[in-house]
Amino acid sequence: MNHWLMKSEPSAFSIDDLAASPGKTTVWEGIRNYQARNLLRDEIQVGDLAYLYHSSCQLPGVVGVMEVTRGGYADPSQFDPASRYFDPRSDRHAPRWFCVDVKLNRRLGRVIGLQEMRTHEPLRDLALLQRGNRLSVMPVTKPEWDFILSLE
DNA sequence: GCCAACGTTGGC
DNA sequence: GCCAACGTTGGC
Numbered sequence: 090m091n092h093w094l095m096k097s098e099p100s101a102f103s104i105d106d107l108a109a110s111p112g113k114t115t116v117w118e119g120i121r122n123y124q125a126r127n128l129l130r131d132e133i134q135v136g137d138l139a140y141l142y143h144s145s146c147q148l149p150g151v152v153g154v155m156e157v158t159r160g161g162y163a164d165p166s167q168f169d170p171a172s173r174y175f176d177p178r179s180d181r182h183a184p185r186w187f188c189v190d191v192k193l194n195r196r197l198g199r200v201i202g203l204q205e206m207r208t209h210e211p212l213r214d215l216a217l218l219q220r221g222n223r224l225s226v227m228p229v230t231k232p233e234w235d236f237i238l239s240l241e
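Heads up, the first sequence is in our numbering, so the first residue is 90 and it goes up one at a time.
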């Protein structure tokens with residue numbers, strides 16, 4: 090089993106949205122970055138766990154744990170002209186973008202903030218904290234995962 | 001709202 | 001294939 094961190098702007102999709110429908114599966118759609126796409130398509134599998142990270146908000150940080158309920162499949166929104174994620178250049182027979190399904194495992198007791206994480210030596214190599222990182226889906230090692238949980 | 005750091009696009 | 005222009009992300 091692998092561990093991940095997925096970013097979302099809470100104004101678009103937040104932990105509250107996930108918590109509003111317990112047990113419900115959510116399509117993690119709209120990722121339009123090739124590096125993240127490759128992770129969604131090739132690496133992320135059913136049973137993997139992912140931290141939900143709130144970005145571009147008052148207190149950026151990790152807010153919850155999600156579980157992957159379906160591995161990479163063609164992101165339906167790329168074919169939907171009504172979707173903000175529509176991509177007219179994508180071909181149904183060779184989809185350009187992929188998504189996964191997730192459900193909320195649990196909300197953390199508090200936000201593990203970005204600045205707080207920066208102060209901890211065991212998180213020195215955390216992908217999220219590297220300079221200029223803009224990936225919206227990124228790997229988290231098991232030790233990093235456990236350390237972040239220990240901060241709760 | 002600012003701006004640094006990217007990624008993407010497109011002319012050549 | 002290079003690279004300038006442009007668009008986006010995301011912390012502050």
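Ideal placement from N, C-alpha and C gives every residue a C-beta, glycine not left out. Note that the structure is a prediction, hence the values are computed from the model and not measured.
Contact under 9 Å by Cβ, residue i with residue j
| i | j | result |
| --- | --- | --- |
| Val-200 | Val-154 | no |
| Phe-187 | Asp-164 | yes |
| Tyr-140 | Met-95 | yes |
| Leu-138 | Met-90 | yes |
| Tyr-174 | Arg-126 | no |
| Ile-237 | Leu-218 | no |
| Leu-193 | Ala-108 | yes |
| His-92 | Pro-228 | yes |
| Arg-195 | Gln-167 | no |
| Gln-134 | Leu-224 | no |
| Ser-179 | Cys-146 | no |
| Pro-149 | Gly-221 | no |
| Ser-103 | Ser-110 | no |
| Val-189 | Leu-129 | yes |
Segment limits, beta strand (DSSP E) that includes residue i
| i | result |
| --- | --- |
| Glu-156 | 150-163 |
| Pro-228 | 226-229 |
Residue i beta carbon near the ligand SAM (any heavy atom closer than 8 Å)
| i | result |
| --- | --- |
| Pro-111 | This structure does not include the ligand SAM; it has no bound ligands of any sort. |
Residue i - partner residues in DSSP beta bridges
| i | result |
| --- | --- |
| Trp-117 | Val-189 |
| Asp-180 | Ala-183 |
| Leu-94 | Tyr-140 and Met-227 |
| Arg-195 | Val-154 |
CB-CB length for residue i against residue j, believed under 8 Å
| i | j | result |
| --- | --- | --- |
| Thr-158 | Val-191 | 6 Å |
Residue range of the unbroken alpha helix (DSSP H) whose run includes residue i
| i | result |
| --- | --- |
| Met-206 | 203-207 |
Where in the region 98-144 do unbroken runs of the alpha helix (DSSP H), each at least 4 residues long, occur, reported from the N-terminal end onward? Those alpha helix (DSSP H) runs which fall completely within the region 98-144 and span 4+ residues are 104-109 and 123-131.
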